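In my numbering, the protein residues as written are 301 to 391.
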């Protein structure tokens, strides 16, 4: 299994850009390997993200371990605060 982060490279939202970058920065700093999947490049990637998240309106970033949904940025941030990132990522 591998960590997948669904994100978008095309957004006018500073909040989305900030949250995505924070996820990448934290995963990089902890040397956790992940695949970054850009939903703005192919509609089927966005559709897959929403299907796996079980939410037809889910917005990036969304985090998965393989096809197992871990959560969105808010859940990721809570896991950082609670020092339970490995549990959150199902590692």
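Virtual Cβ for every residue (Gly too), placed ideally from N, Cα, C. Since the model is a prediction, treat every value here as computed from it, not as a measurement.
Look at residue i and residue j and say whether their C-beta atoms are less than 8 Å apart.
| i | j | result |
| --- | --- | --- |
| residue 341 | residue 349 | no |
| residue 323 | residue 376 | yes |
| residue 335 | residue 374 | no |
| residue 337 | residue 365 | no |
| residue 318 | residue 311 | no |
Pull up the DSSP beta-bridge partners for residue i, would you.
| i | result |
| --- | --- |
| residue 363 | 305 and 371 |
Out of the options, state which residue places its alpha-carbon closest to the alpha-carbon of residue i.
| i | options | result |
| --- | --- | --- |
| residue 353 | 311, 372, 338 and 337 | 372 |
| residue 309 | 366, 345, 328 and 327 | 345 |
| residue 339 | 306, 387 and 379 | 306 |
With respect to the alpha helix (DSSP H) encompassing residue i, which residues constitute its N-terminal and C-terminal limits?
| i | result |
| --- | --- |
| residue 336 | Here residue 336 belongs to no alpha helix (DSSP H); instead the beta strand (DSSP E) covers 334-338. |
With residue i and residue j assumed to form a contact (beta carbons below 8 Å), what rounded beta-carbon distance in angstroms separates them?
| i | j | result |
| --- | --- | --- |
| residue 321 | residue 360 | In fact, because the Cβ distance is near 12 Å, the residues do not count as touching under 8 Å. |
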